[in-house]
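First the structure, in the form of structure tokens, and then the observations on it.
Protein chains: 2
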Amino acid sequence: MQNANLTMKKIAKELGVSVSTVSRALQNHPRIGSLTREKVQKLAKELHYQPNSRAINFKNNKSFNVGVVLPYLTEQYFSIALTGIEQTLMSKGYSMVVMQSMNDYERESAAIESLIKHGVDGILVSMASETYNKTHFNNATHKVPIVFFDRVLKHPRYSAVYGNITKAAFDAMEYLIGKGFTEIALMNGPNSLQSTEERLKGYIDGLKKYNIPVSASYIKNLNLTKEDTILKINELLDLENPPKVVLAFHDYIALDAMQICKERGLQINRDISFVTFSNLSFCSYLDNPPIATVEQFPAELGAQAAGLLLEAMETPDTYQPREIVVEPKLIIR
Amino acid sequence: MQNANLTMKKIAKELGVSVSTVSRALQNHPRIGSLTREKVQKLAKELHYQPNSRAINFKNNKSFNVGVVLPYLTEQYFSIALTGIEQTLMSKGYSMVVMQSMNDYERESAAIESLIKHGVDGILVSMASETYNKTHFNNATHKVPIVFFDRVLKHPRYSAVYGNITKAAFDAMEYLIGKGFTEIALMNGPNSLQSTEERLKGYIDGLKKYNIPVSASYIKNLNLTKEDTILKINELLDLENPPKVVLAFHDYIALDAMQICKERGLQINRDISFVTFSNLSFCSYLDNPPIATVEQFPAELGAQAAGLLLEAMETPDTYQPREIVVEPKLIIR
DNA sequence: CTGTTAGCGCATTCAG
DNA sequence: CTGAATGCGCTAACAG
Chain A
1 MQNANLTMKK IAKELGVSVS TVSRALQNHP RIGSLTREKV QKLAKELHYQ
51 PNSRAINFKN NKSFNVGVVL PYLTEQYFSI ALTGIEQTLM SKGYSMVVMQ
101 SMNDYERESA AIESLIKHGV DGILVSMASE TYNKTHFNNA THKVPIVFFD
151 RVLKHPRYSA VYGNITKAAF DAMEYLIGKG FTEIALMNGP NSLQSTEERL
201 KGYIDGLKKY NIPVSASYIK NLNLTKEDTI LKINELLDLE NPPKVVLAFH
251 DYIALDAMQI CKERGLQINR DISFVTFSNL SFCSYLDNPP IATVEQFPAE
301 LGAQAAGLLL EAMETPDTYQ PREIVVEPKL IIR
Chain B
1 MQNANLTMKK IAKELGVSVS TVSRALQNHP RIGSLTREKV QKLAKELHYQ
51 PNSRAINFKN NKSFNVGVVL PYLTEQYFSI ALTGIEQTLM SKGYSMVVMQ
101 SMNDYERESA AIESLIKHGV DGILVSMASE TYNKTHFNNA THKVPIVFFD
151 RVLKHPRYSA VYGNITKAAF DAMEYLIGKG FTEIALMNGP NSLQSTEERL
201 KGYIDGLKKY NIPVSASYIK NLNLTKEDTI LKINELLDLE NPPKVVLAFH
251 DYIALDAMQI CKERGLQINR DISFVTFSNL SFCSYLDNPP IATVEQFPAE
301 LGAQAAGLLL EAMETPDTYQ PREIVVEPKL IIR
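In the order they appear, the protein sequences are chains A and B.
Letter 56 of the first sequence, counting from 1, is numbered 56 in the numbering used here, and no numbers are missing.
Letter 161 of the second sequence, counting from 1, is numbered 161 in the numbering used here, and no numbers are missing.
Take a look at the structure:
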């Protein structure tokens, strides 16, 4: 039963040497007698000595913890991103403190503050959809570096890793138009998210390229709640000319929308089809899955963002904030 | 642009008072002049003073971080549990450092060690299915309290929060037998998990109560990989008397098994049905979902475990390790 | 090669 | 009411 508060001091006293000798022996410092070294290391092992991490954190002013703030852990997209982050951080001895914003500005802001208070060395953020105010980021960045991933804030002060959504949306449109679809609706996200604008641009670019008129009634902004999804899909289905295919902000939107379609007697992939962003694994278990989906490689986004953050934390003097774009891929089912 | 390394010392110098005066003023210590207090607090606010958390951690020998080790973040069951944990911890000012074991003993062991090294105040664990050796827990528990949730280690030294799986399995069996099923297979987990044994007991108890013979060929242990699921469901379907319903260890097993059934030309819920544990949200989007499922309330399990850990950390002298059982609920679809 | 000293930021004792 | 001194555990500069 080893002592939980075993310090170098005690080892030193036990052995009749000084604390600094113990310190040097334990870290294989060159200027130490091999005999002393062995003696110290032996006793330390016997007593299960473990350095007090809090003292080391204090001394080095570093915790080897990074904070991660994201909307929902329960959205598989983000838990996959976390996996990429964990992997990258782990390889450098860092671990991650995770907090959910639940798309709420207040929670996000509180999370950032709390992380700073907990002494993380850096922060990774995927922004809440309700975030309208950026002061919490600006305050935090004076203390530790911040890197955004997926739901990013584009600003020269911040690094950001994100997918080329405009291109992905455009590719999806080309695919659909190539399949003969023209009545294509867009169930987009909230305007607070950068990627909402990008999806819209890809959508419109696609229509324009093939001279298909843009119909405002086919374009819906959602706030990412289930209720709003239900509202908006019903609006689309109530149109005189309901869409034959829907490009959905992500899989969760599509699933809820599909549910409504089915309830209204439509058959998925006959009366109406879906194309989605995310490519969540469980969609492959559906009998009538989305006909195509944009894989955004969340693990890669997370890993790249973690890589940038590591650089920012380890070489702050030379680090230049920058952006990394990961190319999504359209997957046809 | 506030100084990132603003210490009490600087405030003290600026104001021509001593550091201890600043310290007292900032924490509203009783023995301080209200004038001095105001003066100090005003300047501290102006300069955006924030106490150095690492110094405080060091001084108090406490980090307000707890570690959480679980199999997979990407399994929604665990991310829901995390949400319960986060909520409970947050209310007491703690945050969580998350690590995935990926059901691997080595990873789990390394995670525990790493958490200790990172200086967490306590650890929550949902065990890896491959964990055969408990020394990593025993070593860690000398340094910080450990509480298990869901996939628990039952031992008087440890606290544990888990569902009454035996009862839940039994209830499921009664339901199925009541519906007229007798050819009921059990796709169970690995023997390393406590809950595997419990499912088996509930399964057998159910059969026995209604005098249905227990057939060894209907009982399969899986290692929770997709490959093994495919192997075992095929074995079941290849029997002379294939089962009419399968009680599955959890939803992911059922989904993969269903896929194979469909590939083999069976129609779900006509030729073969499933009952599962977990009740993951996306199952409700399936055209032919499991006919019943055991809701285990992972958020509740996580929250209760976090509550026990908080008690263990905050009142270590009086804390008695104990177990909390959360009653699952059979949900009929 | 090893011991002594100093200091990281803060809270807390002990003096005044 | 306030200041000076102490120590938390560890590393590192400085002496010897």
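Virtual Cβ for every residue (Gly too), placed ideally from N, Cα, C.
Remember, predicted model here, so these are calculated numbers, not experimental data.
Pick helix, strand or coil for residue i, following the three-state DSSP scheme.
i, result
"A248 (chain B)", "strand"
"P213 (chain B)", "coil"
"M1 (chain B)", "Note that M1 (chain B) scores 36 on pLDDT, short of 50, meaning its location in the model is unreliable; the coordinates nonetheless yield the value given after this. If DSSP states are grouped into helix, strand and coil, M1 (chain B) belongs with coil."
"S129 (chain A)", "coil"
"G163 (chain B)", "strand"
"V326 (chain B)", "strand"
"K143 (chain A)", "coil"
"G122 (chain A)", "strand"
"V22 (chain B)", "helix"
"T196 (chain A)", "helix"
"K220 (chain B)", "strand"
"I177 (chain A)", "helix"
"T135 (chain A)", "helix"
"I204 (chain A)", "helix"
"I268 (chain B)", "strand"
"L310 (chain B)", "helix"
"T318 (chain B)", "coil"
"L70 (chain B)", "strand"
Going by the CB atoms, is the gap between residue j and residue i shorter than 8 Å?
i, j, result
"L330 (chain A)", "D171 (chain A)", "yes"
"K220 (chain A)", "N269 (chain A)", "no"
"T36 (chain A)", "V19 (chain A)", "no"
"L202 (chain B)", "A168 (chain B)", "Note that residue 202 (chain B) is Gly in the sequence shown, not Leu. For G202 (chain B) and A168 (chain B), yes; Cβs fall inside 8 Å."
"K226 (chain A)", "D256 (chain A)", "yes"
"L247 (chain A)", "I184 (chain A)", "yes"
"M99 (chain B)", "A111 (chain B)", "yes"
"E108 (chain B)", "H142 (chain B)", "no"
"I332 (chain A)", "Y132 (chain A)", "no"
"V69 (chain B)", "Q304 (chain B)", "no"
"Q76 (chain A)", "T74 (chain B)", "yes"
"D345 (chain A)", "K208 (chain A)", "The structure shown does not extend to residue 345 (chain A), since chain A is modelled only from 1 to 333, so the question has no answer here."
"I165 (chain B)", "S129 (chain B)", "no"
"F57 (chain A)", "G119 (chain B)", "Reading the sequence as shown, one finds Asn at residue 57 (chain A) and not Phe. The answer is yes: Cβ separation under 8 Å."
"P321 (chain A)", "G163 (chain A)", "no"
"A254 (chain A)", "F282 (chain A)", "no"
"G302 (chain A)", "F149 (chain A)", "yes"
"L309 (chain A)", "P156 (chain A)", "no"
"L47 (chain B)", "A306 (chain B)", "no"
"V147 (chain A)", "A312 (chain A)", "yes"
"F78 (chain A)", "P71 (chain A)", "yes"
Along the chain, where does the alpha helix (DSSP H) containing residue i start, and where does it finish?
i, result
"V98 (chain A)", "Here V98 (chain A) belongs to no alpha helix (DSSP H); instead the beta strand (DSSP E) covers 95-100."
"I233 (chain A)", "226-237"
"S63 (chain B)", "Looking at the DSSP string, S63 (chain B) is not in any alpha helix (DSSP H), and its letter there is neither H nor E."
"F297 (chain A)", "Note, F297 (chain A): premise wrong, no alpha helix (DSSP H); not H, not E."
"L15 (chain B)", "8-15"
"K42 (chain A)", "34-46"
Taking 7 Å as the cut-off, is the C-beta of residue i nearer than that to any heavy atom in the ligand NAD?
i, result
"V147 (chain A)", "In the structure on display, the ligand NAD does not appear, and there are no ligands present to speak of."
Within the continuous beta strand (DSSP E) that includes residue i, where are the two ends?
i, result
"K329 (chain B)", "329-332"
"L186 (chain A)", "184-188"
"S91 (chain B)", "It is not in any beta strand (DSSP E) - S91 (chain B) carries neither H nor E in the DSSP assignment."
"E276 (chain B)", "The sequence given here has Thr at residue 276 (chain B), not Glu. Note, T276 (chain B): beta strand (DSSP E), 273-277."
Give the residues from the stretch 47-65 of chain A that approach chain B closer than 9 Å (Cβ to any Cβ), ordered along the chain. The stretch 47-65 of chain A vs chain B, Cβ under 9 Å: H48, Q50, P51, N52, S53, R54, A55, I56, N57, F58, K59, N60, N61, K62, S63, F64, N65.
Contact residues within the stretch 94-115 of chain A, judged by C-beta distance below 8 Å to chain B: Going along the stretch 94-115 of chain A in chain order, one finds S95, M96, V97, V98, M99, Q100, S114, L115 with a Cβ nearer than 8 Å to chain B.
Determine, using beta-carbon pairs with one atom in the stretch 93-103 of chain A and one in the stretch 38-46 of chain A, whether at least three such pairs fall under 8 Å. No, they do not touch.
Scan the stretch 276-307 of chain B for residues whose Cβ lies nearer than 9 Å to a Cβ of chain A and list them as they occur along the chain. So the close ones are L280, S281, F282, C283, S284, Y285, L286, D287, N288.
Taking Cβ-Cβ distances below 8 Å as the criterion, which residues of the stretch 225-252 of chain B are in contact with chain A? Cβ contacts with chain A: none found.
Relative to chain A, which residues along the stretch 74-90 of chain B have a C-beta separation below 9 Å, given in chain order? Here the close residues are T74, E75, Q76, F78, S79, I80, L82, T83, E86, M90.
Quick one, which residues of the stretch 117-133 of chain A are near chain B if we go by CB-CB under 8 Å, in chain order? Within the stretch 117-133 of chain A, the qualifying residues are K117, H118, G119.
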